[in-house]
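The listed protein sequences correspond, in order, to chains A and B. Take 1 as the starting number for the first sequence in the working numbering and just add one per residue. Take 1001 as the starting number for the second sequence in the working numbering and just add one per residue. Note that beta-carbon positions come from the ideal geometry of N, C-alpha and C, so glycine has one too. One structure is given here, and the rest of the page talks about it.
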Amino acid sequence: MSQTIVFTIADRSGTEAETSVRVTSGLNVNHYQGFAVAFANALNNFIYGKILRAVCYVFPTLAGLVGNVATSSSDVEHVGKFEFLTASGERVKCNIPCLAEAAILAYDSDDLNQAEPEVAALIAAMETGIAVFGGTISPCDAGGSDIVDTIFAREAFRNSGSRR
Amino acid sequence: MPVMVTFTIKDGKGKSSNTKIRLPDGFNLPQYVEFAMSFGNILLNLSEGVITGISIGVPLDLSGATIRAVASTFADVAEKALLIARTAVSGLFARFNIPTFDESQVVTGSDEINVSLPNPAALIAIIENGVNVGGTQVDVEDKRDNDVTDVYGAFKNFRKYG
């Protein structure tokens, strides 16, 4: 699947809109960066707006996922709410839809069982990262500060909305 | 600006929701893909839904580009240019909608863009021929991964707004 580079453009009122360009897949970030700079130069002269940013989107194949099937009782409104603390003191929220019931601590509590292997694996991935070829990638906050602790992990339900 | 990985999860009733994770920059694309696969499997052990899509958004550095610091007073996102291009496969096309189009670039008396002007010509040249980055060719493609070959239509195309 081709990579997509999305340019965000603002007009005089600050309203933003996007234009996207699909480009050759399988290259590295430096190639897409070089393309984006050249395209931004030409785009800037073609428009009146201000180019705010460019983001390269990659859509990996899902073939590497295991057991990727929904149960009939699963519901996106039943979520696992996680909140983490970063090294800079900021908070990171992560919601997991279609929460598996086995993750819940007890039925008189809305806390998730952090000792449950599946819950523990998610927390470990968020706090200490995941090893990849050539390094370890650790999730962070919007400022790039690493997650250092889990504040809470609990069950929650979203509003289904009213039925007509 | 961190990299954003988005997992789209669908439940047994067909409704979808997203889970987003921010990652630090500085890694290459295969590393981010490897992370996404590993994290996706962790999610699947905790979720009863099905992951229907993963996207990895890597911010690009445009500091090397010459970009106006402030939008012109004439700029409006509803004033768009539409470019239509053929691709390497006959019968398949690509479309580009570009907001805040500079209207001074149309042919007088029509809504067609004057593609012989330097600015439209430069943009169309990149769409048709791609960019060579350090010896590696980066081409523009359609949604089926076919190379764009030529832009055959360029028009002013305003959208409803307000």
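Look at the alpha carbon of residue i and the alpha carbon of residue j, and state the distance between them as a whole number of angstroms.
{"i": "PHE1027 (chain B)", "j": "TYR48 (chain A)", "result": "34 angstroms"}
{"i": "CYS98 (chain A)", "j": "CYS140 (chain A)", "result": "24 angstroms"}
{"i": "ILE1113 (chain B)", "j": "VAL1133 (chain B)", "result": "28 angstroms"}
{"i": "ASN1129 (chain B)", "j": "ARG22 (chain A)", "result": "13 angstroms"}
{"i": "ALA36 (chain A)", "j": "ALA54 (chain A)", "result": "7 angstroms"}
{"i": "ASP1065 (chain B)", "j": "ALA38 (chain A)", "result": "Asp is not the amino acid found at residue 1065 (chain B); the sequence shown has Ala there. In a straight line, the C-alpha of ALA1065 (chain B) is about 7 angstroms away from that of ALA38 (chain A)."}
{"i": "PHE59 (chain A)", "j": "GLU127 (chain A)", "result": "25 angstroms"}
{"i": "VAL66 (chain A)", "j": "PHE1158 (chain B)", "result": "46 angstroms"}
{"i": "ILE1126 (chain B)", "j": "ASP146 (chain A)", "result": "39 angstroms"}
{"i": "ASN41 (chain A)", "j": "ILE1051 (chain B)", "result": "37 angstroms"}
{"i": "LEU1092 (chain B)", "j": "ALA70 (chain A)", "result": "35 angstroms"}
{"i": "LEU1062 (chain B)", "j": "LYS1080 (chain B)", "result": "22 angstroms"}
{"i": "SER109 (chain A)", "j": "ALA156 (chain A)", "result": "11 angstroms"}
{"i": "LEU85 (chain A)", "j": "THR136 (chain A)", "result": "19 angstroms"}
{"i": "LEU1023 (chain B)", "j": "VAL1033 (chain B)", "result": "12 angstroms"}
{"i": "PHE133 (chain A)", "j": "PHE1035 (chain B)", "result": "10 angstroms"}
{"i": "GLN33 (chain A)", "j": "VAL6 (chain A)", "result": "12 angstroms"}
{"i": "VAL115 (chain A)", "j": "ALA131 (chain A)", "result": "Sequence inspection shows Ala at residue 115 (chain A); the Val mentioned does not correspond to that position. Between ALA115 (chain A) and ALA131 (chain A), the C-alpha separation is close to 21 angstroms."}
{"i": "CYS94 (chain A)", "j": "ALA142 (chain A)", "result": "13 angstroms"}
{"i": "ILE1009 (chain B)", "j": "ASN1018 (chain B)", "result": "6 angstroms"}
{"i": "GLN1031 (chain B)", "j": "ARG163 (chain A)", "result": "44 angstroms"}
{"i": "PHE152 (chain A)", "j": "LEU27 (chain A)", "result": "40 angstroms"}
{"i": "ASP1145 (chain B)", "j": "ARG1086 (chain B)", "result": "13 angstroms"}
{"i": "ASP1142 (chain B)", "j": "SER1104 (chain B)", "result": "28 angstroms"}
{"i": "SER1072 (chain B)", "j": "LEU52 (chain A)", "result": "14 angstroms"}
{"i": "THR1108 (chain B)", "j": "ASN1119 (chain B)", "result": "17 angstroms"}
{"i": "ALA100 (chain A)", "j": "GLU90 (chain A)", "result": "28 angstroms"}
{"i": "PHE1101 (chain B)", "j": "ASP1025 (chain B)", "result": "32 angstroms"}
{"i": "ARG158 (chain A)", "j": "ALA120 (chain A)", "result": "24 angstroms"}
{"i": "VAL1070 (chain B)", "j": "ASN68 (chain A)", "result": "47 angstroms"}
{"i": "GLY1135 (chain B)", "j": "ASP1147 (chain B)", "result": "18 angstroms"}
{"i": "LYS1015 (chain B)", "j": "ALA17 (chain A)", "result": "27 angstroms"}
{"i": "TYR1152 (chain B)", "j": "VAL1131 (chain B)", "result": "20 angstroms"}
{"i": "SER1090 (chain B)", "j": "GLY80 (chain A)", "result": "48 angstroms"}
Below 8 angstroms on the Cβ atoms is my contact criterion, and I expect residue i with residue j to pass it. Report the Cβ-Cβ distance as a whole number of Å.
{"i": "ASN44 (chain A)", "j": "ARG1068 (chain B)", "result": "6 angstroms"}
{"i": "LYS1020 (chain B)", "j": "VAL1003 (chain B)", "result": "So it is not a contact: roughly 11 angstroms between Cβ atoms."}
{"i": "ASP1111 (chain B)", "j": "LYS1156 (chain B)", "result": "4 angstroms"}
{"i": "PRO1099 (chain B)", "j": "THR19 (chain A)", "result": "6 angstroms"}
{"i": "LEU62 (chain A)", "j": "ILE1054 (chain B)", "result": "7 angstroms"}
{"i": "VAL29 (chain A)", "j": "LEU1029 (chain B)", "result": "6 angstroms"}
{"i": "ILE96 (chain A)", "j": "LYS50 (chain A)", "result": "Going by Cβ atoms, the distance from ILE96 (chain A) to LYS50 (chain A) rounds to 37 angstroms, so no, they are not a contact pair."}
{"i": "LEU1117 (chain B)", "j": "ASN1097 (chain B)", "result": "Contact doesn't hold; Cβ gap of about 19 angstroms is too wide."}
{"i": "PHE46 (chain A)", "j": "THR150 (chain A)", "result": "Actually they are not in contact, since the Cβ atoms of PHE46 (chain A) and THR150 (chain A) sit about 48 angstroms apart, beyond 8 angstroms."}
Is the CB-CB distance between residue i and residue j below 7 angstroms?
{"i": "PHE1039 (chain B)", "j": "ALA125 (chain A)", "result": "yes"}
{"i": "CYS56 (chain A)", "j": "LEU1060 (chain B)", "result": "yes"}
{"i": "ASP1150 (chain B)", "j": "THR24 (chain A)", "result": "no"}
{"i": "ALA1075 (chain B)", "j": "ARG12 (chain A)", "result": "yes"}
{"i": "GLY129 (chain A)", "j": "SER138 (chain A)", "result": "yes"}
{"i": "GLY64 (chain A)", "j": "MET1037 (chain B)", "result": "yes"}
{"i": "SER74 (chain A)", "j": "GLY1057 (chain B)", "result": "no"}
{"i": "ILE1042 (chain B)", "j": "LEU112 (chain A)", "result": "no"}
{"i": "GLU77 (chain A)", "j": "LEU1046 (chain B)", "result": "no"}
{"i": "ALA1088 (chain B)", "j": "VAL1115 (chain B)", "result": "no"}
{"i": "THR15 (chain A)", "j": "VAL1106 (chain B)", "result": "no"}
{"i": "GLY1012 (chain B)", "j": "SER160 (chain A)", "result": "no"}
{"i": "VAL148 (chain A)", "j": "ALA87 (chain A)", "result": "yes"}
In terms of residue numbering, what span does the alpha helix (DSSP H) encompassing residue i cover?
{"i": "ASN1119 (chain B)", "result": "1118 to 1129"}
{"i": "ALA42 (chain A)", "result": "29 to 46"}
Measuring only from the beta carbon, is residue i closer than 6 angstroms to any heavy atom that is part of the ligand ZN?
{"i": "ALA1154 (chain B)", "result": "Only the bare structure without any ligand can be found here, which leaves the ligand ZN out of the picture."}
By the DSSP assignment, the beta strand (DSSP E) with residue i in it spans what residues?
{"i": "MET1004 (chain B)", "result": "1003 to 1010"}
{"i": "PRO97 (chain A)", "result": "91 to 97"}
{"i": "GLN3 (chain A)", "result": "3 to 10"}
{"i": "ARG201 (chain A)", "result": "Any answer about residue 201 (chain A) is impossible in this case: the structure gives chain A only from 1 up to 164."}
{"i": "GLN1137 (chain B)", "result": "1136 to 1138"}
{"i": "ILE51 (chain A)", "result": "50 to 58"}
{"i": "ALA1094 (chain B)", "result": "1093 to 1098"}
{"i": "VAL1151 (chain B)", "result": "1148 to 1156"}
{"i": "PHE82 (chain A)", "result": "78 to 86"}
key: Within the segment 111 to 157 of chain A, ranges of the alpha helix (DSSP H) (whole runs, at least 4 residues)   = 117 to 128
(message) Restricting to runs no shorter than 3 residues, where is the beta strand (DSSP E) found entirely within the segment 1022 to 1084 of chain B?
(response) 1050 to 1060
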